[in-house]
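J.:
Protein chains: 2
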Amino acid sequence: MNLLNKENITEWFKGLQNNICQALEQADGKGKFKEDAWQREGGGGGRSRIIEEGSVIEKGGVNFSAVHGKTPQNILKALKLQDADFYATGVSIVLHPHSPMVPIIHMNVRYFEMSNGVNWFGGGIDLTPHYVVAEDAKYFHQQLKNICDKHHPSYYPEFKKWADDYFFLKHRNETRGIGGIFFDRLTANKEFSIESRFDFVKEVGEFFAPTYAHFIKKNREIPFNQSHKDWQLMRRGRYVEFNLVWDKGTRFGLDTNGRTESILMSMPPQANWHYNYQPPETSEEGKTLALLKKGVKWV
Amino acid sequence: MNLLNKENITEWFKGLQNNICQALEQADGKGKFKEDAWQREGGGGGRSRIIEEGSVIEKGGVNFSAVHGKTPQNILKALKLQDADFYATGVSIVLHPHSPMVPIIHMNVRYFEMSNGVNWFGGGIDLTPHYVVAEDAKYFHQQLKNICDKHHPSYYPEFKKWADDYFFLKHRNETRGIGGIFFDRLTANKEFSIESRFDFVKEVGEFFAPTYAHFIKKNREIPFNQSHKDWQLMRRGRYVEFNLVWDKGTRFGLDTNGRTESILMSMPPQANWHYNYQPPETSEEGKTLALLKKGVKWV
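If you read the protein sequences in the order shown, they are chains A and B.
The numbering of the first sequence is this note's numbering, which starts it at 1 and goes up by one.
The numbering of the second sequence is this note's numbering, which starts it at 1 and goes up by one.
1) Quick test of the definition: if touching needs 3 or more C-beta pairs under 8 Å, does the stretch 134-153 of chain A touch the stretch 187-204 of chain A?
2) Any contact between the stretch 226-236 of chain B and the stretch 225-232 of chain A? By contact I mean 3 or more CB pairs, one from each, below 8 Å.
3) Go through its chain and collect everything with a Cβ distance to glycine 253 (chain A)'s Cβ below 6 Å, but skip five positions before and after it.
4) How should alanine 134 (chain B) be labelled, buried or exposed, when 16 other C-beta atoms within 10 angstroms of its C-beta is the threshold for buried?
5) Which residue marks the beginning of the alpha helix (DSSP H) containing methionine 234 (chain A), and which one marks its end?
6) Could you work out which residue in B:Val204, B:Ala209 and B:Trp120 is closest to asparagine 189 (chain B) when comparing CA atoms only?
7) Starting from asparagine 63 (chain A) and walking both ways along the beta strand (DSSP E), at which residues does that stretch end?
8) How would you call glycine 15 (chain B), buried or exposed, if buried means at least 16 neighbouring beta carbons within 10 angstroms?
9) Measure the alpha-carbon distance for arginine 251 (chain B) versus leucine 3 (chain A) and round it to whole angstroms.
10) Return the bridge partner residues of alanine 384 (chain A) from the DSSP annotation.
11) Identify each residue in the stretch 18-37 of chain B for which the Cβ-Cβ distance to at least one residue of chain A is less than 9 Å, and report them in chain order.
12) Would you call serine 48 (chain B) buried or exposed, if buried means 16 or more other Cβ atoms sit within 10 Å of its Cβ?
13) Less than 7 Å between C-beta atoms, sequence neighbours within five positions excluded: which residues of the same chain meet that for glutamate 52 (chain A)?
14) Give me whichever residues DSSP pairs with histidine 106 (chain A) in a beta bridge.
15) Name the two residues that bound the continuous beta strand (DSSP E) containing glycine 179 (chain A).
16) Along the stretch 237-249 of chain A, where does the CB come closer than 8 Å to a CB of chain B? Name the residues.
17) From tyrosine 156 (chain A) to phenylalanine 183 (chain A), what does the alpha carbon distance come to, in whole angstroms?
18) When burial is assigned at 16 or more other CB atoms within 10 Å of the CB, is proline 129 (chain B) buried or exposed?
19) Using the rule of at least 16 other Cβ atoms within 10 Å of the residue's Cβ for burial, across every protein chain shown, is tyrosine 277 (chain B) buried or exposed?
20) What residues in the stretch 264-281 of chain B have a beta carbon less than 8 Å from any beta carbon of chain A?
21) Would you kindly work out how many angstroms separate the C-alpha atoms of glycine 237 (chain A) and arginine 176 (chain A), rounded to a whole number?
22) Let me see if you follow: with CB-CB separation under 8 Å, is threonine 260 (chain B) close to chain A or not?
23) Expressed to the nearest angstrom, what Euclidean distance is found between the alpha-carbon atoms of aspartate 165 (chain B) and aspartate 126 (chain B)?
24) Might you give, ordered along the chain, the residues of its own chain that have their beta carbon closer than 6 Å to the beta carbon of methionine 1 (chain B), omitting 5 neighbours on each side?
25) Is the separation between the beta-carbon of leucine 244 (chain A) and that of glutamate 241 (chain B) shorter than 8 Å?
26) Between which two residues does the alpha helix (DSSP H) carrying glutamine 73 (chain A) extend?
27) Can you give me, in chain order, the residues of the stretch 72-105 of chain B that have a beta carbon less than 8 Å from any beta carbon in chain A?
28) At what residue ranges does the stretch 138-171 of chain A contain a whole run of the alpha helix (DSSP H), taking only runs of 4 or more?
29) Do glycine 124 (chain B) and glycine 180 (chain B) count as a contact pair if the criterion is CB distance below 8 Å?
30) Under the assumption that serine 92 (chain B) contacts asparagine 63 (chain B) (Cβ atoms under 8 Å), give the Cβ distance between them as a whole number of angstroms.
31) If we count the other Cβ atoms within 10 Å of its Cβ and call it buried at 16 or more, is glutamate 41 (chain A) buried or exposed?
32) For threonine 89 (chain A), collect the residues of the same chain with a Cβ closer than 6 Å to its Cβ; drop the 5 residues on either side in sequence, then sort them by chain order.
33) Would asparagine 225 (chain B) be called buried (16 or more neighbouring beta carbons within 10 Å of its own) or exposed?
34) What is the rounded straight-line gap between the Cα of arginine 220 (chain A) and the Cα of alanine 27 (chain A)?
35) Look up asparagine 5 (chain B) in the DSSP assignment and say whether it is helix, strand or coil.
36) Consider the Cβ of glutamate 285 (chain B): report whether some Cβ of chain A lies at a distance smaller than 8 Å.
Okay, here's the thing in structure tokens:
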């Protein structure tokens, strides 16, 4: 077994980006990723891979980055630490499908370390169906639960709740979608080695492509009409609202001179807003809204 | 002359909302405002007036509100003041036209007072053309300068710079549009009475309707094609980014349980995002981008 260090964690994330892009191109059948390599002034850089106008995926990105430099003061302050250098690497994904019957998906897996020896893993994955289908939601959460349970019985309940709380639009009193898992600052401690934290993150990363390929295959041929499409465009408006108002990663990036086009690859190709649109409670749209709540037990 | 107090300031803002809605319906020729009256749990309320699918105006709102209650702690802290009640009233407007040749416009005029005797006026108006036309920009700024100059020679340069700094997308290094004026905390002092501050705010408020009617009349018949429309939809994406990421009023409202649908009336009916779209420098779109900078002297 290799020694765990930032170099081989970085290589693993690069490989994950490669594997996911390959698997998504295969699942889509038409779309191809285009790569933009970029460098960061303060140190490091990344490779953004963007897909537009695929057969199933309308717009999305699978981004890898590995950046380093002086640790931002707000992080040091929150941790009550002195000046230190940092190194951060990870993979971030958002995919917006053409069809309102295929869910939007997001995943982020990341590693962070400082020159003072502090290090951790973080990440999350959540699904945003335009129409919530209980069967799909159960499938998604059951698989996440299986991965979590292999590591610790507390992982799934804890990280599922964290996702409910994180992917939440306070100003709408709605969750972004059916949630998933979210976790941060997974360090080594009495119970867990840093290697076991990495093993967990790896399994989450490897879960992504087959799971989304499953939803593509299952839902791509479901027929839809203009009213489904209109609803999708409004739900994408909510996605924009979450990312720009509440998502800490997005806001931190935009505020600290991150690479804007890589950060905002999460924006949908098109989003619509109507004033105060409220679907009838008994409609499919109304039933979906009723399920966008914290604490739903999907499994 | 009436004594200046919150009651007659409130009445004036209500009348302004009425007058602007009437003038806009006339200028549009087809669209009609629909009113939603709402009440605030902590005290007060408002009347949101929304227009959708007009002849010229695709979506917009002219909102009046008058709210009161306990002053939020962050305001008290910033001013180093003890607990106090507040009263805030004003009119907020955003209009998104169908045609990319007609500019987006925004105005806000407001009055704020606390039970400790502190009171001030604030506001702003800015124009966001999808295509910057020097003649229109000059017309807009010249009229704002005329209003400002009647009150104090420092008003226009100071409030124009304030608008450049406020209506700025740091993550894009772009101004939202050609700016206008922005001002806040205009209190009574040695040089100005609170009455003279109100007179200035009144003139800004009364400037709105005839000015936008002028742009509607001048530009509504200019022909455009799909590529102009595509550009408009991307520029609306920038408008969304500004409002959700940077606009202090929007963020404060969403964060403090404001009426979401009234706050987000500023969202366009449709906005699009393409990854890293950069128009050729010599195109009309490229020339517009080159003008979205701070410090342009329009007059």
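Ideal Cβ positions, reconstructed from N, Cα and C, are used throughout, including at glycine.
T.: With the given structure in hand:
1) yes
2) no
3) Ile263
4) exposed
5) 226-241
6) B:Trp120
7) 57-70
8) exposed
9) 46 Å
10) What the structure shows of chain A is the stretch from 1 to 299, and residue 384 (chain A) is not part of that stretch, so it cannot be assessed.
11) Lys34 and Asp36
12) buried
13) Lys59
14) A:Val94 and A:Asp126
15) 179-186
16) Gly237, Val240, Glu241, Leu244 and Val245
17) 10 Å
18) buried
19) exposed
20) Leu264, Met265, Met267, Pro268, Pro269, Gln270, Ala271, Asn272, Trp273, His274, Tyr275 and Asn276
21) 11 Å
22) yes
23) 12 Å
24) Here the model assigns methionine 1 (chain B) a pLDDT of 49, short of 50, so the residue's position is not dependable, and the following value carries that caveat. So no residue of the chain qualifies.
25) yes
26) 73-79
27) none
28) 155-166
29) yes
30) 5 Å
31) exposed
32) Thr10, Phe13, Ala66 and Tyr111
33) exposed
34) 10 Å
35) coil
36) no
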